[in-house]
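Colleague:
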Amino acid sequence: MPTESSLFLLVAGDHTAVTVALCEGTTIIWSDTESARRTGSMLIPRIDAVIRATGRSLRECAFIAASCGPAPFTTLRVVIATVNGLGYATGLPLVGVDRFSAGLFEPNKRTIMLYNAFGGDLYYAVRQGAVCLLSGCDTALRVEEYLEPYRENASFIGDGVTLL
C-alpha cells in the first residue's frame, strides 16, 4: 500500500545505461547504473541492491516513477514492463516521466534538448523555462532548420547534440 512519505523509486534508461534511484523528495538517497545492454537480466537485481543499500523497503515508497522516453524501444520496454510488474505486486502507483519534461529549467533561460533517435533522426524539444515551445522527432537536417529561430542564447543538452 502507498504511504504518505515522499520516498519513491525511479527507473530511467537511455541508449547507454539504465539508472535506478531511491529518492526522497528532490534528493537522491542512493542510485546505481547498469549498462543498457544488460538491463533485461540485471534490472530487478539492481533495484533490489539500491533498496537494500538504503535499509528501506519498496513498500515504504509512495510511488514508482519510470522514464517513458525518448529512449530506445528495447530499453523502454524492459523498464516499463519491470516497473509495471513491481507496481502490480506492491500496489504502488506508477508515474511516467518523459525526458523532455523531467528536469529543472531556469525560468528565463532557453534550453534545447536533443536525443539520438538513431538512423540519423533526433528527438528534440525547445523549452523556455517550464514552457515547451517546440518538440518532436525528425531528421537531423530538418531539426537543424526547426531550431534556427531558437538557437541564440540557448543551452544545448542531450546525447544528440553531437549529431547536429
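Residue numbers (my numbering): 208 to 371. Built from N, CA and C at the ideal position, the CB exists for glycine as well.
Tell me the DSSP bridge mates of N323?
Modeller: Answer is L329.
Colleague: On the CB-based measure, 16 or more other CB atoms within 10 Å of its CB, does F307 come out buried or exposed?
Modeller: By the 10 Å Cβ count, F307 comes out buried.
Colleague: Can you list, in chain order, the residues of its chain whose CB lies under 7 Å from that of G303, leaving out five sequence neighbours each side?
Modeller: These residues qualify, in order along the chain: A273, C275.
Colleague: Measuring CB atoms only, is the segment 310-325 touching the segment 352-368, in the sense that at least three cross pairs come out at less than 8 Å?
Modeller: Touching, yes.
Colleague: Measure the C-alpha to C-alpha separation of D328 and P356 and round it to an integer number of angstroms.
Modeller: Those two C-alpha atoms are separated by around 20 Å.
Colleague: Have a look at the DSSP bridge pairing and note the partners of D255.
Modeller: BP columns for D255 are empty, so no partner.
Colleague: So what does DSSP say about S362, is it helix, strand or coil?
Modeller: Of the three classes helix, strand and coil, the one that applies to S362 here is strand, per DSSP.
Colleague: From the DSSP output, in three-state form, read off T382 for me.
Modeller: For the chain, the structure presents residues 208 to 371; residue 382 sits outside this window and is missing.
Colleague: Which of the three DSSP states is assigned to S342 in this structure?
Modeller: Residue state, collapsed to three classes: strand.
Colleague: Quick one: Cα of I254 to Cα of V227, how far?
Modeller: Whole-angstrom Cα-Cα distance: 6 Å.
Colleague: Starting from E352, trace the alpha helix (DSSP H) in both directions and tell me its first and last residue.
Modeller: Run containing E352: 347-354, per the alpha helix (DSSP H) assignment.
Colleague: Could you pull the DSSP bridge partners for T240 from this structure?
Modeller: Paired residues: T226.
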